[in-house]
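Protein sequences appear in the order of chains H, E and Z.
Take the first sequence: its position 203, counted from the start at 1, is 203 in this note's numbering, and no numbers get skipped.
Take the second sequence: its position 119, counted from the start at 1, is 119 in this note's numbering, and no numbers get skipped.
Take the third sequence: its position 36, counted from the start at 1, is 36 in this note's numbering, and no numbers get skipped.
Please read the structure below before turning to the comments.
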Amino acid sequence: MHYESTERKPLILGDKSYHQITEDVVRPIETAAPRAWWIAFSIALVMFLWGVGSLAYTVATGIGVWGLNKTVGWAWDITNFVWWVGIGHAGTLISAVLLLFRQRWRMAINRSAEAMTIFSVIQAGLFPLFHMGRVWLAYWVFPIPNQYGSLWVNFNSPLLWDVFAISTYLTVSVVFWYVGLIPDFAMVRDRAINPVQKHIYKILSFGWGGKAKAWQRFEEVSLVLAGLATPLVLSVHTIVSMDFATSVIPGWHTTIFPPYFVAGAIFSGFAMVQTLLLIVRKVFKMEDYITIQHIEMMNIVIMVTGSIVGVAYITELFIAWYSGVEYEQYAFLNRATGPYWWAYWSMMTCNVFSPQLMWSKKLRTNLVFTFVISIVVNIGMWFERFVIIVTSLHRDYLPSSWSMFSPSFVEVGIFVGTIGFFFTLFLLYARTFPVIAQAELKTILKTSGEAQKKLHNDHGAHH
Amino acid sequence: MAHTTESVPLVRAMYHDDDVLISAVKQIRAAGFKISEVYTPFPVHGLDKAMGLKESRIAVAAFMYGLIGLTVAVTLTWYMMVSDWPQNIGGKPNINWAMNMPAFVPILFEMTVFFAAHLMVWTYLVINGLYPGADAKNPDPRTTDDYFMVELPAAEGLIEALQKSGAVEIAEA
Amino acid sequence: MCIQRVQYAKLEAKKVGQPIPDGAFTVACAEACSTDSITFGDVNNAKSAVRAAKSDARAYHLLEEVGTQPSVFYLTKVRNA
Chain H
1 MHYESTERKP LILGDKSYHQ ITEDVVRPIE TAAPRAWWIA FSIALVMFLW GVGSLAYTVA
61 TGIGVWGLNK TVGWAWDITN FVWWVGIGHA GTLISAVLLL FRQRWRMAIN RSAEAMTIFS
121 VIQAGLFPLF HMGRVWLAYW VFPIPNQYGS LWVNFNSPLL WDVFAISTYL TVSVVFWYVG
181 LIPDFAMVRD RAINPVQKHI YKILSFGWGG KAKAWQRFEE VSLVLAGLAT PLVLSVHTIV
241 SMDFATSVIP GWHTTIFPPY FVAGAIFSGF AMVQTLLLIV RKVFKMEDYI TIQHIEMMNI
301 VIMVTGSIVG VAYITELFIA WYSGVEYEQY AFLNRATGPY WWAYWSMMTC NVFSPQLMWS
361 KKLRTNLVFT FVISIVVNIG MWFERFVIIV TSLHRDYLPS SWSMFSPSFV EVGIFVGTIG
421 FFFTLFLLYA RTFPVIAQAE LKTILKTSGE AQKKLHNDHG AHH
Chain E
1 MAHTTESVPL VRAMYHDDDV LISAVKQIRA AGFKISEVYT PFPVHGLDKA MGLKESRIAV
61 AAFMYGLIGL TVAVTLTWYM MVSDWPQNIG GKPNINWAMN MPAFVPILFE MTVFFAAHLM
121 VWTYLVINGL YPGADAKNPD PRTTDDYFMV ELPAAEGLIE ALQKSGAVEI AEA
Chain Z
1 MCIQRVQYAK LEAKKVGQPI PDGAFTVACA EACSTDSITF GDVNNAKSAV RAAKSDARAY
61 HLLEEVGTQP SVFYLTKVRN A
């Protein structure tokens with residue numbers, strides 16, 4: 001029997017038994033959705049449908065309905081792509097990296113964090129697809145024999161690396177998530193009384209029976225997937241950053257991008273996890289599982305990664321000055337004082353100053369503050385990608401090419417649509433999937449449960 | 001895996017605690033009885049060792065699948081970029097694969113991971129007999145909640161041994 | 001650079017097993033230009049007109065310092081002749 005130090009705060013509060021964990025986690029699935037859920041779902045659905053309309057209009061009429069021009073060839077499309085992919089990285093980090101580091105506090109949050117990842121990456125994937133214009137030719141990105149001589153794809157291009165990276169990332173995340181879900185679906189199946197529900201969860205649970213050999217393989221597969229997913233988190237956003245870093249554009253062509261982007265991704269991803277989980281734990285009354293300690297741990301990650309991002313910003317400024325390259329220097333001068341200065345300063349305020357407030361224990365354990373900051377961070381990170389892309393493009397080497405960009409209502413509509421789509425998926429998930437990895441969580445009840453720790457401590461006083 | 005023929009009756013013992021389960025499994029096996037299966041709601045640490053289960057080699061399989069993925073990626077990039085239709089793309093070297101290889105690292109890495117992960121999970125599902133719509137493999141639905149079941153072929157003196165080991169319910173199938 | 005014309009010329013030359021002579025074909029813009037401002041050719045061919053132009057001291061690339069070695073180069077206007 002492995003015991004945890006009394007110094008460690010319990011990860012499961014209250015007086016819980018294995019059965020109680022089952023009951024608490026399955027309750028949102030077995031009970032009817034409250035009115036608040038229906039209201040949120042309706043709003044999300046409307047936003048989603050608005051996005052569908054915007055996309056249909058784009059495909060039917062062409063990219064000309066967006067605000068892009070020859071100088072600024074990428075704007076909201078790629079900003080949104082990077083924003084959504086970045087958000088997704090937190091879920092994988094929580095599932096995979098924290099598993100490798102044996103951080104048991106991940107167990108209450110990994111299921112929902114991974115759901116967030118998958119839904120984010122789906123949104124992200126829409127942008128490279130639709131920004132092609134001729135979406136029906138999207139299959140051209142795959143190395144398939146064809147009648148153009150067999151014209152092959154360009155493996156030297158970061159844009160193609162993205163195709164492989166994002167496909168791998170999305171499918172491996174889904175698979176990692178599903179492997180963990182199978183035993184939990186079996187739990188819902190075994191309790192189901194409604195025959196329709198029983199049948200659905202029977203299909204979803206793949207016949208899982210909790211045999212010892214199956215669990216042994218489950219743990220091994222989870223460990224290997226975690227080991228594979230960890231370098232994926234690092235590589236995918238590195239590859240995304242290469243879309244910019246491998247170019248010659250001032251403000252893009254910099255070796256700091258890979259670590260800077262990865263840190264930024266984790267930063268924004270954890271912020272989104274906070275936004276979602278603060279709502280989930282309250283609405284589903286799961287505060288005993290997603291505790292203040294969990295919130296605080298995530299805030300610490302946000303603070304650390306936010307600091308890395310802040311240091312990266314300062315490094316860029318320093319190198320622009322130190323290098324003596326006038327194009328690089330102008331790129332940053334333009335960001336801070338040019339026509340998009342408001343975007344730059346929003347980015348700086350939201351990303352650099354706000355996470356520093358978390359040095360205060362009082363603030364990082366405060367739920368309202370956490371919720372507000374989590375949204376502020378994601379706004380800041382959106383502006384970061386916008387600033388990188390648009391300010392570098394709109395004024396690069398040749399002043400004769402300088403131009404301005406502003407989004408059309410179609411671009412805004414697509415972005416709003418992805419937010420709606422994301423929340424539609426998440427709301428549906430929240431009421432049909434076990435939002436906490438309850439089988440995994442049960443394994444730490446005896447070591448990290450509040451009641452169990454107290455019992456052991458009372459006995460342990462005699463040791 | 002449970003291998004039962006019609007002629008061998010089974011005994012099913014339920015436990016309500018994982019620590020009791022582990023010591024029971026050890027006791028039962030020490031007494032010389034065979035265990036055909038144990039059903040638990042979560043992975044119980046040390047259970048596979050207590051049962052004498054062989055270590056899983058699925059990680060080894062994943063490694064091999066990764067190598068296959070890497071081979072596929074190397075072959076794909078070599079064939080398409082060096083052999084079949086090498087093109088002058090920004091002056092990148094394509095005389096031989098080795099000179100162009102650094103540009104292919106992201107592709108090689110992603111395909112290695114892709115093959116390793118997906119083939120491993122597919123193998124995992126197949127060897128565990130898991131597929132959409134499969135019948136539940138646990139005989140008692142409480143074993144996905146908070147009960148643990150040990151399934152054994154009936155034997156002389158088994159019932160008493162099970163009772164001594166802390167089983168809360170014993171049934172003959 | 002008029003990839004279809006380039007590819008066609010290359011294939012025709014390959015069929016007869018001869019290298020492409022300088023001036024055998026040109027790109028649409030060079031053909032259209034009434035003042036012969038544009039010269040097109042194989043810069044690897046030591047005897048081509050375009051190679052001679054490249055060796056001229058007046059030759060430069062746009063944003064040469066960025067190092068992308070573009071296929072297009074310009075000759076500085078002669079102002080003091």
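We treat Cβ as the ideally placed atom computed from N, Cα and C, and that holds for glycine.
Write down every uninterrupted run of the beta strand (DSSP E) in the region 297-327 of chain H whose length is 3 residues or greater and which is fully enclosed by it, in chain order. none
K137 (chain E) by DSSP, collapsed to three states: which one? coil
Per-residue burial, F127 (chain H) [other beta carbons within 10 Å of its own, 16 or more giving buried]: buried
Mapping DSSP to helix, strand and coil, what is H462 (chain H)? Legend: pLDDT at H462 (chain H) = 48, less than 50; position of this residue unreliable, no value from coordinates given.
Boundaries (first-last residue) of the alpha helix (DSSP H) holding Y15 (chain E): Counting along the chain, Y15 (chain E) falls outside any alpha helix (DSSP H), though it belongs to the beta strand (DSSP E) covering 10-15.
With distance defined between alpha-carbon atoms, name the residue in H:M47, H:S112, H:K70 nearest to Y429 (chain H). H:S112
Does the beta-carbon of Q7 (chain Z) have 16 or more other beta-carbons within 10 angstroms, so that it is buried, or is it exposed? exposed
Are the region 183-196 of chain H and the region 94-103 of chain H touching by the rule of at least three beta carbon pairs closer than 8 Å? no
Examine the Cβ distances between the region 188-206 of chain H and the region 66-77 of chain H and report whether three or more of them are shorter than 8 Å. no
Length of the line joining the Cα atoms of P41 (chain E) and A136 (chain E): 13 Å
Does chain A have any CB closer than 8 Å to the CB of T230 (chain H)? The structure shown contains no chain A; the protein chains it does contain are H, E and Z.
Look at the Cβ atom of F164 (chain H), then the Cβ atom of M111 (chain E), and state whether they are nearer than 8 Å. yes
Based on the DSSP output, what are the partners of I12 (chain H) in its beta bridges? H:G449
Per-residue DSSP class, three states only, for E219 (chain H): helix
Just reading off the beta strand (DSSP E) that I170 (chain E) is part of, what are its end residues? 169-172
Segment contact, 8 Å Cβ cut-off, at least three pairs: the region 430-450 of chain H with the region 13-27 of chain H: yes
How is the beta strand (DSSP E) around V72 (chain H) delimited, first residue to last? From DSSP, V72 (chain H) is part of no beta strand (DSSP E); its letter is neither H nor E.
Residue of E:Y39, E:G91, E:S23, E:V8 minimising C-alpha distance to N138 (chain E): E:Y39
Of all the CB atoms in chain Z, is at least one closer than 8 Å to the CB of T255 (chain H)? no
Comparing alpha-carbon positions, which option in H:E296, H:L425, H:W321, H:T391 lies nearest V368 (chain H)? H:E296
When DSSP labels each residue in this structure, what does M221 (chain E) get in the three-state scheme? Look at the range of chain E in this structure, 1 to 173, and you will see that residue 221 (chain E) is not part of it.
Would you say Y289 (chain H) faces chain Z, with C-beta separation under 8 Å as the test? no
Can you tell me whether DSSP reads L130 (chain E) as helix, strand or coil? coil
Taking only three categories from DSSP, how would you classify Y289 (chain H)? coil
Who are the neighbours of Y397 (chain H) on chain E, taking C-beta pairs under 9 Å? Correct list: empty, because the minimum Cβ distance to chain E is about 18 Å.
Examine the ligand COA and report whether any of its heavy atoms sits within less than 7 Å of the Cβ of E411 (chain H). Of the ligands one can find in the structure shown there are none, so the ligand COA has no counterpart to examine.
May I have the straight-line CA-CA distance separating W341 (chain H) from N334 (chain H), to the nearest angstrom? 8 Å
Exposed or buried, W359 (chain H), counting other C-beta atoms within 10 Å across all chains shown (16 or more means buried)? exposed
Helix, strand or coil: which one does DSSP assign to Y39 (chain E)? strand
Please report the straight-line C-alpha distance between G88 (chain H) and P399 (chain H), rounded to a whole angstrom. 37 Å
Helix, strand or coil for M1 (chain E), going by three-state DSSP, please let me know. Bear in mind that a pLDDT of 46 at M1 (chain E), under 50, signals an unreliable position, so the number given afterwards is only what the model happens to contain. Coil, per DSSP.
Does DSSP put L367 (chain H) in a helix, in a strand, or in coil? helix
Quick check on the burial criterion: 16 or more other C-beta atoms within 10 angstroms. Buried or exposed for E65 (chain Z)? exposed
Could you confirm whether any beta carbon from chain Z is found closer than 8 Å to the beta carbon of V82 (chain H)? no
Using a Cβ-Cβ cut-off of 8 Å (strictly less than) and excluding sequence neighbours within five positions of D146 (chain E), which residues of its own chain qualify? H16, P41
For G264 (chain H), count the other beta carbons within 10 Å of its own beta carbon; 16 or more makes it buried, fewer makes it exposed. Which is it? buried
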